[in-house]
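K.L.:
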Amino acid sequence: MREPLLTTEKLSNHFGRVCTALDLDLRFEPGVLTSIIGPNGAGKSTLINLLTGHLPVQAGKIRFRGRDITRLPIHKRVRMGICRSFQVVNVFPELTVAQNVMIPVLARTGRAWNPIRRLSRETAVLREAEAILTKVALLAERDTPATALSHGDLRLLEVGVALAAAPTLLFLDEPTAGMNPVERVRLLENIRQLAREGRTTFVVVEHDMDVVFSLSERIIVLHRGEILCDGTPAQVRADAKVREVYLGDDVSDLFRYEEK
Amino acid sequence: MKAETRNAAAAAAVLLALCAVPFLAGKFTIYLAMRIMLLGIFAVGYNLLLGRTGLLSFGHGAFYAAGAYGLGLFGVHVSTHPLLGVAAGVVTAVLLALLVGTLCVRHTEIYFAMLTLACGMMAFSFFWNAREITGGDDGLIGILRAPVSLFGGIKMPIGKDGQFYFFVLFFFVLSVWAVHRIRQSPFGLALAGIRENARRSEFAGVPVRRYRLAVFVLSGAFAGLAGSLEALLESNARPFMAHWTHSAEPVLVSLLGGMSSLAGPLVGGAIFVGMREIVPRSTENWMLWFGIVLLVIILGFRGGVVGTLSALFRKAVAPGEG
Amino acid sequence: MQSYVHVILAGLSSGMFIWLVASGLTLIFGVLGVLNFAHGSFYMLGAYCSFTVLKYLGAGFWTGLLLGPLAVCVAGFVVERFFLRHVYRLALPYQLLLTFAFVLIFDNLVKIVWGGGALSPPSLSFLGGSVPILGRNFPVYNLFIIAVGPAVALLLWALLEKTWYGRIVRASSSDREMAASLGVRVPALFTGVFVFGTWLGALGGGLAVPYVGLLTPGMGETIIIEAFIVAVIGGLGSLKGAFVGALVIGVLSAFGTRFFPAFDMALTFILMGGVLLWRPQGLFGATQ
């Protein structure tokens with residue numbers, strides 16, 4: 054078995070009396086496209102917040118490539134290669150699309166401290182930014198301010214900004230929320246393509262079962278902060294506990310999609 | 546004409562006009578122009594913190610005062626060389642800004658504003674009370690304008706206002722150029738990102754707190770520069786420079802002129818000084834009018850003078866867009 | 002011993018004025034989310050209006066205290082209803098600068114209407130004089146003030162905790178949108194809270210007339226800084242914190258003025274810095 058990228062040991066968290074994560078032991082392998090699903094309140098966003106440093110860990114440990122990162126601040130985790138996109142669009146509103154994507158690139162390449170050099174001369178950075186914009190199909194909008202984008206394009210930008218940090222492990226929190234079917238298919242194809250390129254391992258939180266079952270090699274089902282099931286799509290579909298939790302919701306959907 | 550060329554032309558015209566002032570205008574206008582430039586240096590550096598990074602500090606007067614007292618005390622105890630004095634003033638301001646900034650940048654929004662206000666007033670009470678060192682509420686008096694000795698034994702006298710004007714102009718141009726370059730740099734873009742979305746900046750790998758401290762100290766340096774120049778201009782340093790009402794000046798002026806452009810604080814400064822000197826001739830209460838102007842700007846013209854004029858100009862040039 | 006007690010009493014009385022101003026400030030911040038720079042101006046206006054009632058209408062002290070602050074409430078209403086309302090959704094600098102603009106406007110209006118010089122109010126008849134405490138005389142009026150402070154605190158507590166209106170105010174301050182969707186007319190509520198806060202500040206000013214002995218247009222500027230510090234130390238939005246903070250700052254300042262005159266201004270700021278470094282949200286504030 055390859056060395057895992059990220060592991061957690063007994064990760065736990067609660068808000069007051071509500072338990073949002075209970076003794077989670079997880080492994081994320083490089084190159085395995087994983088989905089995290091679960092009903093509302095299952096703790097999906099909390100898990101991402103904990104793993105990326107947005108939320109401080111109350112109990113348990115997180116290791117990235119063997120190194121303990123439990124107390125590491127956000128920007129240091131990003132430098133190590135862990136990044137995320139947000140469920141609610143969270144970009145730099147008044148900056149242009151190109152500038153949005155340049156910030157993570159500048160930070161990553163250590164070129165964001167120079168106060169004298171003109172930005173227009175940072176050709177390497179500009180080229181990288183353009184490459185990322187091409188990947189998310191936003192190159193045409195490079196000089197548009199983010200506030201002027203359509204919702205679908207904003208979600209693409211959202212993923213683009215996350216990708217610009219060149220993460221090894223990228224958590225996408227409901228990347229297709231609010232998108233129409235055409236945009237959704239386009240984004241998923243992009244993610245599938247990028248996953249195949251092998252430089253980034255994707256972990257996607259999703260509500261939409263189409264996305265989950267057509268995209269993932271592995272699915273983690275969360276319920277009330279605990280792992281209900283963790284395995285291949287076929288295993289998850291067949292799991293009795295999962296069917297019980299989803300009974301009345303999307304049970305029929307679980308059977309609609311063939312395994313890839 | 547492209548926007549950049551237009552701006553460069555405007556800047557050149559202003560520079561030319563500024564150079565011409567000592568030859569064409571009377572003593573009072575020369576003095577006024579210098580006060581505008583000093584406020585301009587203070588405000589343009591401060592706006593890096595406010596307009597660019599989104600941090601509201603109400604204590605920058607402390608660094609202005611540190612620059613003034615730093616130069617004054619250096620002049621009394623070490624040397625009256627003006628360039629060294631200015632350097633001493635800036636260094637004093639930077640050290641103080643480093644101390645205050647380290648304490649304050651971990652806080653956000655209101656608490657940051659209040660803490661900087663408190664730090665500024667602490668500096669004020671220090672300058673006011675430490676009579677033996679700072680001269681207390683009389684201020685530090687008797688600051689001399691010795692000639693500037695450069696290489697090759699050249700000594701430039703700056704005793705007369707008409708001569709000192711070029712000393713101030715030099716630092717004004719330097720400051721504006723520096724802030725311009727900073728705004729166009731990767732560092733400047735990172736600052737804008739922090740203003741737009743500090744949370745996302747963290748997730749882009751930007752160590753936000755360190756940047757906040759850096760820009761805080763940088764703006765403090767400009768404040769110190771302006772303060773030391775004022776000490777030379779007025780031949781004194783006063784505790785009032787650190788009072789929060791003085792710290793409010795760059796804030797007001799940046800809002801008045803426009804927080805998002807380079808020229809905004811400069812235009813605002815010119816209007817502010819102009820109003821302060823000219824309006825009192827017809828009415829005693831120029832501050833009242835200034836307050837009303839502020840209200841109008843906040844309620845309807847938040848882009849400030851420069852922002853509103855640019856928007857109007859853009860609409861006139863391309864009426865279908867924007 | 003005697004001087005310590007007197008200093009403490011003096012500190013308590015000056016602290017109560019700070020509490021009155023800070024209470025309005027805190028209430029406004031807690032519900033509207035705005036830090037009102039102009040609150041010192043309402044205090045000053047309260048003093049000037051009460052003084053006018055006393056001097057030009059020949060009325061008694063209590064009439065002055067009743068009518069003066071009410072007049073200032075009109076100003077508060079105008080500020081909130083026509084100006085502040087438009088900046089709630091804007092960033093912090095705009096809100097602070099709007100209220101700061103009103104500081105400039107009110108301070109100068111006062112100079113125009115009442116002149117820029119100092120005014121001395123007529124002396125009090127029945128609350129005047131002093132009583133001996135531990136062998137030294139202490140003004141009766143100051144004792145009265147020391148009683149008024151907690152009375153106002155009690156009044157506020159009762160209003161907020163025990164009345165139906167108070168419950169709505171508390172709900173709206175923690176979740177504006179939820180309150181609106183439950184049918185609370187939030188804009189009207191905000192105006193009401195702002196005007197009530199104005200009244201508290203102006204009441205402080207009216208009560209200050211016999212205490213300060215001399216009215217100047219600058220009297221608002223000193224007290225607003227002290228009120229800010231108190232509000233921040235106590236925790237922005239916490240009335241309990243503002244009360245405790247005001248007492249502490251009042252007594253500390255009194256000790257400073259009496260025993261360490263060189264540092265009196267700095268002490269309050271040092272305390273504020275110390276508290277914020279230890280507990281960034283203030284003594285009783287909610288964690289950020």
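Protein chains in written order, with our numbering: chain A, 54 to 313; chain B, 546 to 867; chain C, 2 to 289. We put the CB at the ideal spot given by N, CA and C, even for glycine.
#1: A/S305: buried (16+ other C-beta within 10 angstroms of its C-beta) or exposed?
#2: If the criterion is Cβ atoms closer than 8 Å, does the pair B/L734 and A/M155 meet it?
#3: When we look at the beta-carbon of C/G283 and count the other beta-carbons within 10 Å, is it buried (16 or more) or exposed?
#4: Using a Cβ-Cβ cut-off of less than 8 Å, give me the residues of the segment 731-750 of chain B that come near chain A, in sequence order.
#5: Can you pull the chain B residues whose beta carbon is under 8 Å from the beta carbon of C/A23, in chain order?
#6: Which residues does DSSP list as the beta-bridge partners of C/N138?
#7: As a quick exercise: from C/L10, C/L99 and C/T27, pick the residue whose alpha carbon is nearest that of C/G202.
#8: Which runs of the alpha helix (DSSP H) spanning at least 4 residues fall entirely within the segment 246-270 of chain A, listed in chain order?
#9: Using CA atoms only, rank isn't needed, just tell me which of A/L247, A/L268 and A/H204 is closest to A/A230.
#10: Just reading off the beta strand (DSSP E) that A/D76 is part of, what are its end residues?
#11: Given B/W673, which residues of its chain have a CB within under 7 Å of its CB, disregarding the five upstream and five downstream residues?
#12: What is the DSSP secondary structure of B/I688, reduced to helix, strand or coil?
#13: With DSSP run on the structure shown, which of helix, strand or coil describes C/F285?
#14: Which one or two residues does DSSP pair with B/N921 in a beta bridge?
#15: Report buried or exposed for B/L644, applying the criterion of at least 16 other Cβ atoms within 10 angstroms of its Cβ.
#16: Give me the Cα-Cα distance between C/N143 and C/G251, rounded to the nearest whole angstrom.
#17: Quick one: which chain B residues come within Cβ less than 7 Å of C/K1?
#18: Can the beta-carbon of A/G96 be found less than 8 Å from the beta-carbon of A/A112?
#19: Kindly list, in the order they appear in chain C, the residues whose Cβ is closer than 8 Å to that of B/E654.
#20: Runs of 4 residues minimum, wholly inside the segment 137-205 of chain C: which ones carry the alpha helix (DSSP H) assignment?
#21: For chain B, find out if any of its Cβ atoms is closer than 8 Å to the Cβ of C/I271; answer yes or no.
#22: Could you name the residues of chain A that B/I727 contacts, counting a contact when the two beta carbons are closer than 9 Å?
#23: Using 10 angstroms around the beta-carbon of A/N93, count the other beta-carbons present and answer buried if the total reaches 16, otherwise exposed.
#24: Excluding sequence positions up to five away, which residues of its chain have a Cβ less than 8 Å from the Cβ of A/G301?
#25: Hey, is B/R821's beta-carbon within less than 8 Å of any beta-carbon in chain C?
#26: Around the Cβ of A/T285, are there at least 16 other Cβ atoms within 10 angstroms (buried) or fewer (exposed)?
#27: Please name the residue in A/V238, A/R80, A/R180 and A/G69 whose C-alpha comes closest to that of A/V256.
#28: Listed in chain order, which residues of the segment 656-670 of chain B have Cβ atoms closer than 8 Å to some Cβ of chain C?
#29: What separation, rounded to the nearest whole angstrom, lies between the Cα atoms of C/L204 and C/L66?
#30: Does any C-beta atom of chain A lie closer than 8 Å to the C-beta of B/P752?
#31: Would you say A/G218 faces chain B, with C-beta separation under 8 Å as the test?
#32: Leaving aside the five residues before and after B/A749 along the sequence, list all residues of the same chain whose C-beta is less than 8 Å from its C-beta, in chain order.
#33: Name the chain C residues whose beta carbon is nearer than 9 Å to that of B/A793?
#34: Check whether the Cβ of A/R116 lies closer than 8 Å to any Cβ atom in chain B.
#35: Anything in chain B within Cβ reach of A/I156, meaning under 8 Å, just list it in chain order.
#36: Which whole-angstrom value is the C-beta distance of A/V298 and A/H276, which I expect to be below 8 Å?
P.N.:
By the coordinates alone:
#1: Locating residue 305 of chain A in the first sequence gives position 252, counting from the first residue. Note that A/S305 scores 49 on pLDDT, short of 50, meaning its location in the model is unreliable; the coordinates nonetheless yield the value given after this. Looking at its Cβ environment, which holds fewer than 16 other Cβ atoms inside 10 Å, A/S305 is exposed.
#2: If you number the second sequence from 1, residue 734 of chain B lands on position 189. If you number the first sequence from 1, residue 155 of chain A lands on position 102. Their beta carbons are under 8 Å apart, which means B/L734 touches A/M155 by this criterion.
#3: As a working note, residue 283 of chain C is residue 282 in the third sequence. Buried, since its Cβ has 16 or more Cβ neighbours within 10 Å.
#4: Listed by position along the chain: P731, F732, G733, L734, A735, A737, G738, E741, N742, R744, R745, S746, E747, F748, A749 and G750.
#5: Position 22 of the third sequence, counting from 1, holds the residue named residue 23 of chain C. Going along chain B, no residue has its Cβ under 8 Å from C/A23, so there is no contact; the nearest lies around 13 Å.
#6: The residue you call residue 138 of chain C lines up with position 137 of the third sequence. Answer is C/P133.
#7: For the purposes of this step, residue 202 of chain C is identified with residue 201 of the third sequence, where counting begins at 1. Cα-wise, what sits closest to C/G202 is C/T27.
#8: Runs found: 262-268.
#9: Sequence index remark: in the first sequence, residue 230 of chain A carries index 177 (1-based). Taking the Cα of A/A230 as reference, the smallest distance to any Cα among A/L247, A/L268 and A/H204 is reached at A/H204.
#10: As a first step, residue 76 of chain A is located in the first sequence; it is residue number 23 there, counting from the start. First-last of the beta strand (DSSP E) with A/D76: V71 to F81.
#11: Residue mapping note: residue 673 of chain B aligns to position 128 of the second sequence, counting from 1. Once the five neighbours on either side are set aside, the close Cβ partners of B/W673 are G681, D682 and P784.
#12: Here the question's residue 688 of chain B lines up with position 143 in the second sequence. Three-state DSSP puts B/I688 in coil, outside helix and strand.
#13: Locating residue 285 of chain C in the third sequence gives position 284, where the first residue counts as 1. Three-state result, C/F285: coil.
#14: Residue 921 of chain B lies beyond the residue range present for chain B, which begins at 546 and ends at 867; the question has no answer from this structure.
#15: Locating residue 644 of chain B in the second sequence gives position 99, where the first residue counts as 1. B/L644 counts as exposed, since fewer than 16 other beta carbons sit within 10 angstroms of its beta carbon.
#16: Along the third sequence, read from residue 1 onward, the residue named residue 143 of chain C stands at position 142. Along the third sequence, read from residue 1 onward, the residue named residue 251 of chain C stands at position 250. Those two C-alpha atoms are separated by around 13 Å.
#17: There is no way to answer for residue 1 of chain C, as the model of chain C reaches only from 2 to 289.
#18: Numbered from 1 along the first sequence, position 43 holds the residue referred to as residue 96 of chain A. Numbered from 1 along the first sequence, position 59 holds the residue referred to as residue 112 of chain A. With respect to A/A112, A/G96 sits apart: the two C-beta atoms are not nearer than 8 Å.
#19: Taking the first residue of the second sequence as 1, we reach residue 654 of chain B at position 109. Neighbours of B/E654 on chain C, chain order: L93.
#20: List check, alpha helix (DSSP H) in window: 141-163, 165-175 and 177-182.
#21: Numbered from 1 along the third sequence, position 270 holds the residue referred to as residue 271 of chain C. Interface flag for C/I271 against chain B is set, since a Cβ pair is found closer than 8 Å.
#22: For the purposes of this step, residue 727 of chain B is identified with residue 182 of the second sequence, where counting begins at 1. For B/I727, the neighbours in chain A by C-beta distance under 9 Å run, in chain order, P168 and I169.
#23: Along the first sequence, one-based indexing puts residue 93 of chain A at 40. By the 10 Å Cβ count, A/N93 comes out exposed.
#24: Within the first sequence, residue 301 of chain A is the residue found at index 248, counting from 1. Interpretation of A/G301 is limited by its pLDDT of 47, a score under 50 that renders its predicted location unreliable; the figure taken from the coordinates is listed afterwards. Correct list: empty, nothing qualifies.
#25: Translated into the one-based positions of the second sequence, residue 821 of chain B becomes position 276. Closer than 8 Å: no.
#26: One-based indexing of the first sequence puts residue 285 of chain A at position 232. With fewer than 16 neighbouring CB atoms inside 10 Å of its own CB, A/T285 falls in the exposed class.
#27: For this step, residue 256 of chain A is matched to residue 203 along the first sequence. Closest in C-alpha terms to A/V256, from the list A/V238, A/R80, A/R180 and A/G69, comes A/R80.
#28: Listed by position along the chain: Y656, A658, M659, L660, L662, A663, C664, M666, M667, F669 and S670.
#29: Working through the third sequence from its first residue, we reach residue 204 of chain C at position 203. Working through the third sequence from its first residue, we reach residue 66 of chain C at position 65. Near 7 Å, if we compare the C-alpha coordinates of C/L66 and C/L204.
#30: In the second sequence, counting from the first residue as 1, residue 752 of chain B sits at position 207. So yes, B/P752 belongs to the interface.
#31: Position 165 of the first sequence holds residue 218 of chain A. One point to set straight first is that residue 218 of chain A is Ala, not Gly, in the sequence displayed. Chain B, which has a Cβ nearer than 8 Å to the Cβ of A/A218, makes this yes.
#32: For the purposes of this step, residue 749 of chain B is taken as residue 204 along the second sequence, with counting starting at 1. Cβ neighbours of B/A749 within its own chain (closer than 8 Å, five residues either side excluded): G738.
#33: What you label residue 793 of chain B is simply residue 248 of the second sequence in a count that begins at 1. In chain order, L98 and F101 make up the part of chain C whose C-beta sits under 9 Å from the C-beta of B/A793.
#34: The residue labelled residue 116 of chain A in the question sits at position 63 within the first sequence. No, no contact with chain B.
#35: Locating residue 156 of chain A in the first sequence gives position 103, counting from the first residue. Neighbours of A/I156 on chain B, chain order: L734, A735, G738, S746, A749 and V751.
#36: Numbered from 1 along the first sequence, position 245 holds the residue referred to as residue 298 of chain A. Numbered from 1 along the first sequence, position 223 holds the residue referred to as residue 276 of chain A. Right, their Cβ atoms sit about 5 Å apart.
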